[in-house]
Structures are given as structure tokens and as C-alpha cells.
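What follows is a short report on a single structure.
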Amino acid sequence: MKEIIVPNMKINVPDGSPFTYETDSRMPKAHQNLLCIAPRGMGKTTYVVNFMERMPYDRIIVCSPSIKSNRELMSRLKIDPEDIYENPDDISILDEIKGKIEQERDDLEKYEEDKKKYKELMTKLNDEQFNISDDLLMNFYRNGHFEPPTHKWNGKKPCIAILFDDCLGSGIFTKGIRKLNALTIYHRHLGQLAKGGSLGASLYFLVQSYKAQSGGISKCIRGNTTAIAVGRTKSEKELEEIAEECGGEVSKEDFMKVHHQATKDSKYDMLLIDFNKKDNHPSMFRKNLDTFIIP
-12 MKEIIVPNMK INVPDGSPFT YETDSRMPKA HQNLLCIAPR GMGKTTYVVN
38 FMERMPYDRI IVCSPSIKSN RELMSRLKID PEDIYENPDD ISILDEIKGK
88 IEQERDDLEK YEEDKKKYKE LMTKLNDEQF NISDDLLMNF YRNGHFEPPT
138 HKWNGKKPCI AILFDDCLGS GIFTKGIRKL NALTIYHRHL GQLAKGGSLG
188 ASLYFLVQSY KAQSGGISKC IRGNTTAIAV GRTKSEKELE EIAEECGGEV
238 SKEDFMKVHH QATKDSKYDM LLIDFNKKDN HPSMFRKNLD TFIIP
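My numbering puts the first residue of the sequence shown at -12, with every later residue one more than the last.
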């Protein structure tokens, strides 16, 4: 097949990676959209809690009507009570969650600006030639002395995750689906920074079925997943549907083989498919977290 090069038309790819948070070398990248699918009582919450514990999240926001029944397990994630939403029929929570990420952005940018002002103040205090405004003085004068600005995360970008558990058929998956789709599409761009970049957020969806006639995981969400965890299921049709939508990344035959390999020993085992695997990972497939499967 013949190719003809067009001069001065090469596409320049920007430096850097869309996955801006460092994760354990054995874990997937961040940020991500992870979809965990398994029937009731097959260990979805256990799997995802173990997964999230190994990621560098500073703040985890949960939307789940069943979080109280999983309190002991969820407590391992150290979730702030203010970040727990138990009514997924209230679609306003999607705007509230987005607002919390934007507030984290505002807090970080204010801290960075205050650091500059504090440095300016310290410089002027040591030089009698400078006139110091009252506003600058009072900005940092507390408890009888000047104190530097503080930030909840010590000046680093907080790594944020949002977990949706047992929410299928609820308001956010029906009348709120457009907002949920938008949250999924723009998850890496949430909390955009004035200097460039953003805080972003990882999304986790825990569901009992891959597709539903109403109030299920939308095609938009399915199409924007970066990883899928699939448990054991008696529904051959569901496995075929998952395999079909993963067709651009893995053949149906390979999917069926690795799924059987990953889930044959225990009903609590999961097949993880990482569509954006790290270069040091030998395969995109894993049994749970500790075993790579190479087709």
C-alpha cells in the first residue's frame, strides 16, 4: 500500500498524560471511569473498596441508598459524612457534587494566591522602605502574630473519587441521566484550574446488570469506561453484550476465556479489564487485583 507524505502537516501531540495522578505501579491509572458488574451478593462492594483503598484518593464522595448496610466495609474508605448521599432520586446531588469539586479548586487557587501575598508581606516586613497596606497586614495576622496560609491538602491537588452504588433505576439514572452522562464525559475536566489542567474525579459505578430497559447504565457511560470489573453471572446474554461493546479492545472469544479463567474458582472473584493499562502491566486482564491473565 502506497503512502505519500504531506509536508508540514504532521500532527503535534502535547506532552504529558491525561492521567495526572501517580498511582501505585501495580494499580491502574487515575483518573478513570470504572464499571463493576455482578449479581446481588457477589462481592461488588468488597471488590471496589479494596480497589479504592489502593488508589491515592484524598476525598471520596458516595451516592448509595445501601451505604448503612455496608457501613463497616465503607468505613475503611474514611468518607466524610457530608460526602454521603443516600437518596439517588434527588438529581440535585449531581450539581452539589460538581460544586464540591469546584470548591476544592477554588480553595487550592486561593491558597496559591495567598502564598504569594504572604511572601510579599514577609519581604516588606524586613524592608523599612516598603509601605504595607492594612489589608495585606490583616490578611495573615491571627492570634497575635503573622501566620502563613494553610490548605487542607497542603497545597497539592486533591485526588477525588465518586462512587455510585445500588443506584440503578433511581432519579439520577432516569430524569437526571443527562447530567450523569455529562459528569462521566467531563470527569477528567471537573474543577478546571486557571493556570491550566483540572482536578478531575474518578467515577465508580456498581451495578447488578450491564443493561436495563429503564434507568440502567447509559450507552454514554458504557462507552466512556476506562475499566470494567465483571463478576460471575448465569446470564450468557449479558456476557455477550459486554463482550460485544468491548469488541474494539478484545475479541469475544478472548473475553469469554479470560472471564471463565478469572471467575471459575469463587463466586466472589472478578475479571478486571483495564482499557488504559500501564506499560509495565503484562496484560489488560486480571483476576481480582493480584493475578494478571495473559490470553
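In this text, a Cβ means the ideal position worked out from N, Cα and C, and glycines have one as well. The structure presented is a predicted model; accordingly, all values stated were derived computationally and were not measured.
Query, Result
"Cβ-Cβ separation, I48 to D70 (assumed contact under 8 Å), whole Å", "4 Å"
"Bounding residues of the alpha helix (DSSP H) (the contiguous stretch that carries T250)", "239 to 250"
"Alpha-carbon spacing of P269 relative to R41, whole angstroms", "19 Å"
"Nonlocal neighbours in the same chain, by C-beta distance under 8 Å from M271, ignoring five residues either side", "E236, V237, I260, D261, F262, K264"
"For V(-7), three-class secondary structure by DSSP", "coil"
"Expected contact under 8 Å - CB spacing of Y191 and F151 to nearest Å", "7 Å"
"Whole-number beta carbon distance between T10 and P52, since they are thought to touch under 8 Å", "Contact flag wrong, Cβ pair sits at about 30 Å."
"Boundaries of the beta strand (DSSP E) in which N273 is found, first to last residue", "According to the sequence shown, residue 273 is Arg rather than Asn. From DSSP, the beta strand (DSSP E) with R273 extends over 272 to 274."
"Burial state of A17, where buried means 16 or more other Cβ atoms lie within 10 Å", "buried"
"Close-in-space but distant-in-sequence residues of the same chain around P68 (CB under 6 Å, 5 per side omitted)", "none"
"Contact between the stretch 143 to 150 and the stretch 87 to 101 (3+ Cβ pairs under 8 Å)", "yes"
"Delimiting residues of the beta strand (DSSP E) encompassing N20", "20 to 24"
"Whole-angstrom distance between G187 and M109, CA atom to CA atom", "34 Å"
"8 Å Cβ cutoff met for Y34 and C23", "yes"
"Per-residue DSSP class, three states only, for A216", "strand"
"Residue nearest to D76 in terms of C-alpha spacing, selected from D252, Y255, L155, K65", "L155"
"Opening and closing residue of the beta strand (DSSP E) in which I280 lies", "278 to 280"
"Spatial distance of N168 from S157 (CA atoms)", "14 Å"
"Boundaries (first-last residue) of the alpha helix (DSSP H) holding F192", "Note, F192: premise wrong, no alpha helix (DSSP H); beta strand (DSSP E) at 189 to 194."
"Coarse secondary structure for C233, derived from DSSP in three states", "coil"
"Given 8 Å, three or more beta-carbon pairs between the stretch 131 to 141 and the stretch 97 to 106", "yes"
"Own chain residues within Cβ distance below 8 Å of F279, not counting five before or after", "H268, P269, S270, F272, R273"
"Check whether G163 and L81 have beta carbons under 8 Å apart", "yes"
"Cβ-Cβ separation, D252 to P282 (assumed contact under 8 Å), whole Å", "That belief does not hold up - the Cβ atoms of P282 and D252 are roughly 18 Å apart, past 8 Å."
"Inter-residue Cα distance where the pair is K104 and A249", "56 Å"
"Spatial neighbours of K55 in its chain, beta-carbon cut-off 6 Å, leaving aside the 5 residues before and after", "none"
"Coarse secondary structure for Y105, derived from DSSP in three states", "helix"
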